[in-house]
Amino acid sequence: MSENREINVSLEKLRGEIDKIDEEILELLNKRANIAIDIANIKKKTNLKFYSPERERIILERITKLNKGPFPNDALRVIFREIMSASLSLEEPLKVAYLGPEGTFTNLAAMRHFGSSAKYIPVDSIKAVFDETESGRVNYGVVPIENSNEGVVSYTLDMFMDYDLKISAEILLEVSHNLLSKSGEREKVKRIYSHPQATAQCRIWLEANMPNIPILESTSTARAAEIASQDEEAAAIASELAARIYDLQFVERHIEDNRNNYTRFLIISRDYPSKSSKDKTSILFSVKDRPGALYDVLLPFRKSKINLTKIESRPSKRRAWEYIFFVDMEGHIEDKKVRKAVEDVKEICLYLKHLGSYPVDEGIEKK
Numbered sequence: 001m002s003e004n005r006e007i008n009v010s011l012e013k014l015r016g017e018i019d020k021i022d023e024e025i026l027e028l029l030n031k032r033a034n035i036a037i038d039i040a041n042i043k044k045k046t047n048l049k050f051y052s053p054e055r056e057r058i059i060l061e062r063i064t065k066l067n068k069g070p071f072p073n074d075a076l077r078v079i080f081r082e083i084m085s086a087s088l089s090l091e092e093p094l095k096v097a098y099l100g101p102e103g104t105f106t107n108l109a110a111m112r113h114f115g116s117s118a119k120y121i122p123v124d125s126i127k128a129v130f131d132e133t134e135s136g137r138v139n140y141g142v143v144p145i146e147n148s149n150e151g152v153v154s155y156t157l158d159m160f161m162d163y164d165l166k167i168s169a170e171i172l173l174e175v176s177h178n179l180l181s182k183s184g185e186r187e188k189v190k191r192i193y194s195h196p197q198a199t200a201q202c203r204i205w206l207e208a209n210m211p212n213i214p215i216l217e218s219t220s221t222a223r224a225a226e227i228a229s230q231d232e233e234a235a236a237i238a239s240e241l242a243a244r245i246y247d248l249q250f251v252e253r254h255i256e257d258n259r260n261n262y263t264r265f266l267i268i269s270r271d272y273p274s275k276s277s278k279d280k281t282s283i284l285f286s287v288k289d290r291p292g293a294l295y296d297v298l299l300p301f302r303k304s305k306i307n308l309t310k311i312e313s314r315p316s317k318r319r320a321w322e323y324i325f326f327v328d329m330e331g332h333i334e335d336k337k338v339r340k341a342v343e344d345v346k347e348i349c350l351y352l353k354h355l356g357s358y359p360v361d362e363g364i365e366k367k
């Protein structure tokens, strides 16, 4: 009995210390918020941009470098992202358009980057994300660009030919698919809804475990979840966030065939950020249809020892057999060797467009 009493006393003492620390954290958060309001007032008077992604990046890099543990840096980034998001909402909430509806993986990616205090605006197409961003009705747009298993989202690439927008950041999200229904009982599932790309990423599991169940196409995984929430016999392949939003139960978790399943998203805006410690530059260009044309274009990058991390081609849709090439490379356009190589390439090309230079996303979060 005395030993239990001593344990309880020790626990109460430690919990009391945590309560005191929590009160100090609360006081400091409100102190930080008041300073953020003062900064907002100065920005309004001087017509400065209320949101600075460069400043956020510096804060996150500084905090993680200062951290000596045991608190993990991944969690620290999430916490400070939310602190900055909430502080920014006191000034003026960021408006972010994304490929909706609510609960899509694009929604998850946007929330990971901008925090939960931004104002998220779901739209029904990738083109609509570009429209909202170019018009200035939103500050940023978020669109999918490629999946590690299913490849590039061609429509997103096509949009960059028609809009004068920049890539200001990238988000890498490790995607996990779940089979969801109202009951959570596999025996009650008579049909499954999902987006074709999600279905393709779960093909082997579906063939092995639901061989006679029809798979029906939906415009998004979130829309599939919405359908399943209204139909006792339907299930959806969707995210954990969609399960929470549409009050669905898990029939089976993690049904993707490849657990190394990543989707890359791009944040688009009317400008791109200044240099960081590790950047990526994206361009698109077209070349004359002649032997060796692509080799000639790539030669300046080789001479400058610039690593090209991605090359993708698309029909220009303007002339038969004319192609547009999309290239990602290491470095920022402000780097001398990158700028010179791009300028040299521009002289050879029929057309070249700088899509943006932005920080490489090296942090991967699973949802």
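Be aware that the sequence shown starts at 1, since it is given in the UniProt record's numbering, and climbs by one per residue. All C-beta atoms, glycine included, are put in the ideal place defined by N, C-alpha and C.
Return helix, strand or coil for residue i, following the three-state DSSP convention.
i    : result
Y358 : strand
R264 : strand
Y163 : coil
T281 : strand
Y191 : Looking at the sequence shown, residue 191 is not Tyr but Arg. Residue state, collapsed to three classes: strand.
T309 : strand
I83  : helix
E288 : Reading off the sequence, residue 288 comes out as Lys, not Glu. Coil.
M210 : coil
A198 : helix
R203 : helix
N67  : coil
E252 : strand
P144 : strand
E343 : helix
When you compare each of the options to residue i by their alpha carbons, which one comes out closest?
i    : options                   : result
I58  : K346, P273 and K336       : P273
L294 : I79, I324 and F265        : I324
Q249 : F80, E240, K353 and D257  : E240
F301 : I267, I348, L266 and D247 : I348
G356 : H254, V153 and T281       : T281
E134 : R270, L284, H195 and S313 : R270
Q197 : S148, L26, V189 and L76   : S148
D231 : V189, N212 and I215       : V189
T106 : R244, I267 and K303       : I267
S304 : V342, M84 and E256        : V342
L299 : K340, L94 and E322        : K340
E132 : Y98, E150, V152 and E146  : Y98
Taking all protein chains shown into account, do 16 or more other C-beta atoms lie within 10 angstroms of the C-beta of residue i, making it buried, or fewer, making it exposed?
i           : result
R22         : Contrary to the premise, residue 22 reads as Asp rather than Arg in this sequence. So D22 counts as exposed.
I167        : buried
Q201        : buried
residue 438 : Here the chain has residues from 1 to 367 only, and residue 438 is not among them.
I18         : exposed
D328        : buried
P122        : buried
A208        : exposed
L165        : buried
I311        : exposed
I283        : buried
I35         : exposed
Can you grab the Cα-Cα spacing for the pair residue i / residue j, in whole Å?
i    : j    : result
Y262 : I333 : 27 Å
N260 : W205 : 15 Å
Y51  : E3   : 55 Å
E6   : P70  : 27 Å
E217 : I39  : 48 Å
E330 : V96  : 27 Å
G292 : S125 : 37 Å
D335 : A110 : 28 Å
P144 : F130 : 12 Å
R15  : E24  : 14 Å
V78  : M210 : 37 Å
P315 : E187 : 46 Å
N41  : N47  : 10 Å
Taking 6 Å as the cut-off, is the beta-carbon of residue i closer than that to any non-hydrogen atom of the ligand PLP?
i   : result
K95 : As far as ligands go, the structure on display features none, and thus does not contain the ligand PLP.
Checklist entry - Looking at C-beta atoms only, is the number of pairs between the stretch 135-144 and the stretch 100-115 that lie closer than 8 Å three or more? => result yes
Next on the checklist: Below 8 Å, how does it come out for the stretch 65-74 and the stretch 91-106: are there three or more Cβ pairs, yes or no?
Outcome noted: no
Checklist entry - For the 8 Å Cβ check, are there 3 or more pairs between the stretch 176-191 and the stretch 155-164? => result no
Checklist entry - Is the number of C-beta pairs between the stretch 221-233 and the stretch 186-198 that are closer than 8 Å three or more? => result yes
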